[in-house]
Amino acid sequence: MNQLINSKGFYGEFGGAYIPEMLYPNIEHLAGSYIRILKSESFRKKFRDLLSDYVGRPTPLFYAGRLSGSVGAKIYLKREDLCHTGSHKLNNVVGQTLLAIEMNKKHIIAETGAGQHGVATATVCALMGLPCTVFMGEKDAGRQQPNVMRMKMLGAEVIPVFSGSRTLKDATNEAIRHWINHPVETHYLIGSTIGPHPYPDLVTRLQGVISEEIRRQLLKAENREYPDCVIACVGGGSNAAGTFYHFIDDKRVRLIGTEAGGEGPGSGKTAATIESGTPGIIHGCRTLLMQTRDGQIKEAHSISAGLDYPGIGPLHSYLHKTGRAEYLAVTDREAMQAAHMLARLEGIIPALESAHAIAALQKLNFKKTDCVVVNLSGRGDKDMESYMSSMQNI
């Protein structure tokens with residue numbers, strides 16, 4: 507897996523660090539330190555202990571019997587929704603905060619869309635006594651009020667962003683501007699596999715605990731370390747990167763990412779970057795993104811705030827271009843239907859993001875003997891208003 511990325515942070519033609527001159531010292535410091543710190547025994551022990559005693563790992567690998575009967579394959583759900591704070595985001599945040607402390611950073615900033623990364627960041631900063639500022643698009647803050655309240659209760663400063671589409675892209679822009687103006691003591695804790703090198707690799711490594719656990723858990727459940735297929739939703743791409751990580755070199759495993767198709771192809775309201783994107787530069791890296799012919803970034807649309815992003819991480823662009831992974835577009839309606847199906851069949855209400863991964867089960871053909879793992883990246887508490895308003899249309 508490590509051979510996919512070169513010393514300059516490129517996965518093939520995608521990746522790199524396209525950043526303002528003011529940020530070069532920060533990025534070079536991080537790029538020169540993260541591997542050494544992540545491999546140190548002191549970091550590894552602190553990280554393992556917090557994942558176990560604070561995050562609640564390992565998360566269960568649950569055999570979904572009724573869902574399996576409906577789909578016609580053996581479906582396992584990796585229950586990242588059972589992590590403390592309700593999503594996979596805490597894995598990365600715990601690791602990056604420990605890294606920031608090791609690098610003598612005194613202030614943490616973050617961007618958030620659905621609010622789960624913001625909540626995770628506020629949580630760990632409270633635990634470790636660090637001031638925390640979270641940038642969130644005003645549109646996202648309106649539709650994710652429970653998470654805004656959680657962040658504030660945890661002591662974070664939540665700054666709504668009113669520029670552009672008022673969603674995740676714009677929150678990221680503001681976080682980068684703040685970092686440029688406060689470069690010395692600030693660590694920008696990016697929540698996904700996006701941004702300048704080394705962030706895509708750093709976040710992927712920290713989220714790799716997901717696929718590491720899947721291997722051990724499948725060995726116990728199925729007497730094999732690999733599934734036939736793993737499925738995860740993709741916005742920037744961190745939960746999918748973590749779910750794919752230990753299977754990328756294993757060609758027996760089919761890798762499926764699900765993007766937010768919004769209102770469908772041709773509607774102009776989508777966040778399916780693989781389906782409609784072209785190579786370009788966004789937030790410090792070269793990757794696939796939705797843009798006009800003259801390079802202006804298009805506005806993304808999804809009912810899911812966590813997938814409402816006009817780009818995708820460079821690792822996923824590379825996996826798509828090489829054909830190692832497949833990416834499907836799931837519409838808002840399909841995601842809603844999948845969420846209601848999972849709730850009724852298994853008593854689990856997923857986050858809208860995760861519902862996009864569940865929806866893929868209706869789009870793929872499986873054999874009854876196939877072993878399929880779907881990463882349930884988050885829980886649906888934050889999306890209940892959307893779910894209730896959709897009931898009459900499902």
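Every number in the working numbering is 506 more than the matching position in the sequence shown, counting from 1. Backbone N, C-alpha and C fix where the C-beta goes; we use that ideal spot for every residue, glycine too. These numbers were taken from a predicted model, which means no experiment stands behind them.
Looking only at C-alpha atoms, which of the options sits nearest to residue i?
i      : options                        : result
Val836 : His693, Ile809, Lys827         : Ile809
Pro704 : Ser895, Ala523, Asp889, Met890 : Ala523
Gly770 : Arg711, Tyr732, Glu840         : Glu840
His590 : Lys888, Met890, Gly884         : Gly884
Ala863 : Ala747, Gly817, Ala844         : Ala844
Arg572 : Ala662, Ala866, Gly853         : Gly853
His826 : His684, Gln509, Thr784         : Thr784
Lys804 : Ala778, Ser823, Pro820, Leu821 : Ala778
Val625 : Leu605, Gly661, Asn512, His846 : Gly661
Val880 : Leu636, Thr749, Asn729, Ala681 : Thr749
Asp838 : Lys611, Val667, Glu765, Val561 : Glu765
Glu644 : Gly635, Phe668, Arg656         : Phe668
Ser546 : Leu604, Leu583, Tyr560         : Leu604
Ala806 : Gly774, Leu821, Leu834, Tyr833 : Gly774
Arg550 : Glu608, Lys580, Pro689         : Glu608
Gly817 : Leu795, Tyr833, Leu834         : Leu795
Asn597 : Met890, Gly562, Ala861, Pro856 : Gly562
Cys877 : Ser698, Asn729, Cys735         : Cys735
Ser698 : Pro733, Asp814, Arg656         : Asp814
Trp685 : Phe641, Tyr582, Leu544, Glu891 : Phe641
Ser593 : Ser892, Thr678, Asp887         : Asp887
Arg730 : Leu712, Leu708, Val759         : Val759
His623 : Ala606, Arg656, Lys611         : Arg656
Arg711 : Gly767, Leu821, Asn610, Gly768 : Leu821
Lys611 : Glu728, Pro689, Ile525, Met890 : Pro689
Ser860 : Leu583, Leu544, Pro733         : Leu583
Tyr560 : Ile525, Gly575, Gly601, Ile581 : Gly601
Tyr732 : Met842, Leu761, Ile682, Asn687 : Leu761
Classify residue i: buried if its beta carbon has 16 or more other beta carbons within 10 angstroms, exposed otherwise.
i      : result
Gly829 : exposed
Gln802 : exposed
Gln797 : buried
Arg850 : exposed
Glu586 : buried
Phe520 : buried
Leu908 : Because the chain here runs from 507 to 900, residue 908 falls outside it and cannot be looked at.
Met847 : buried
Val630 : buried
Gly635 : exposed
Val599 : buried
Met894 : exposed
Glu889 : Looking at the sequence shown, residue 889 is not Glu but Asp. Its Cβ being crowded by 16 or more others within 10 Å, Asp889 is buried.
Gly768 : buried
Pro526 : exposed
Gln713 : buried
Ser574 : buried
Got a sec: does the ligand FMN put a non-hydrogen atom nearer than 6 Å to the Cβ of residue i?
i      : result
His846 : Absence of the ligand FMN from the depicted structure is noted, as is the absence of any ligand whatsoever, leaving it without description.
Would you tell me roughly how many angstroms separate the C-alpha atoms of residue i and residue j, rounded to the nearest one?
i      : j      : result
His613 : Val654 : 19 Å
Cys638 : Lys658 : 10 Å
Met503 : Tyr694 : In this structure the chain extends from 507 to 900, so residue 503 is not present and cannot be described.
Ile665 : Ala831 : 36 Å
Gln868 : Gly578 : 10 Å
Thr793 : Ser896 : 34 Å
Ala746 : Gly763 : 7 Å
Pro702 : Ser823 : 15 Å
Thr776 : Arg799 : 17 Å
Ile737 : Ala628 : 28 Å
Leu536 : Glu781 : 33 Å
Ile511 : Gly538 : 15 Å
Leu588 : Glu680 : 31 Å
Gly988 : Asp646 : Only positions 507 to 900 of the chain appear in the structure, and residue 988 is not among them; the question remains open.
Gly819 : Pro706 : 7 Å
Leu834 : Ala866 : 7 Å
Ser903 : Met842 : Shown here, the chain extends from 507 to 900; a query on residue 903 therefore has no answer.
Lys580 : Leu882 : 16 Å
Ile543 : Val709 : 14 Å
Ile855 : Ala727 : 24 Å
Is the number of C-beta pairs between the stretch 545-558 and the stretch 740-748 that are closer than 8 Å three or more? Not touching, per the Cβ criterion.
Does the stretch 670-683 come close enough to the stretch 512-519 to have 3 or more Cβ pairs within less than 8 Å? In short, these stretches do not touch, since the Cβ pair count stays below three.
For the stretch 806-825 and the stretch 524-544, state whether three or more C-beta atom pairs, one from each stretch, are separated by less than 8 Å. A contact between stretches requires three or more CB pairs, one per stretch, nearer than 8 Å, and the stretch 806-825 fails this requirement with the stretch 524-544.
For a minimum of 3 consecutive residues, which ranges assigned as the beta strand (DSSP E) are wholly contained in the stretch 735-817? Within the stretch 735-817, the complete beta strand (DSSP E) segments at least 3 residues long are 735-739, 760-768, 784-788, 791-795, listed from N- to C-terminus.
Assess, as a yes-or-no matter, whether the stretch 646-661 is touched by the stretch 606-620 under the definition of 3 or more beta carbon pairs within less than 8 Å. Under the 8 Å Cβ criterion, the stretch 606-620 counts as touching the stretch 646-661, having at least three qualifying pairs.
Pairing CB atoms from the stretch 872-879 with CB atoms from the stretch 786-793, are three or more of them under 8 Å? No, because fewer than three Cβ pairs between the stretch 872-879 and the stretch 786-793 fall closer than 8 Å, the two stretches do not touch.
With three or more beta-carbon pairs closer than 8 Å as the criterion, would you say the stretch 749-759 touches the stretch 703-723? Yes, the stretch 749-759 touches the stretch 703-723.
Below 8 Å, how does it come out for the stretch 719-730 and the stretch 563-582: are there three or more Cβ pairs, yes or no? With the cut-off at 8 Å, the stretch 719-730 and the stretch 563-582 touch.
What runs of the beta strand (DSSP E), each 3 residues or longer, lie entirely inside the stretch 547-600? For the stretch 547-600, whole beta strand (DSSP E) runs of length 3 or above, ordered along the chain, are 567-569, 580-585.
Segments assigned alpha helix (DSSP H), at least 4 residues, entirely inside the stretch 645-727: You should have 651-659, 674-687, 705-713.
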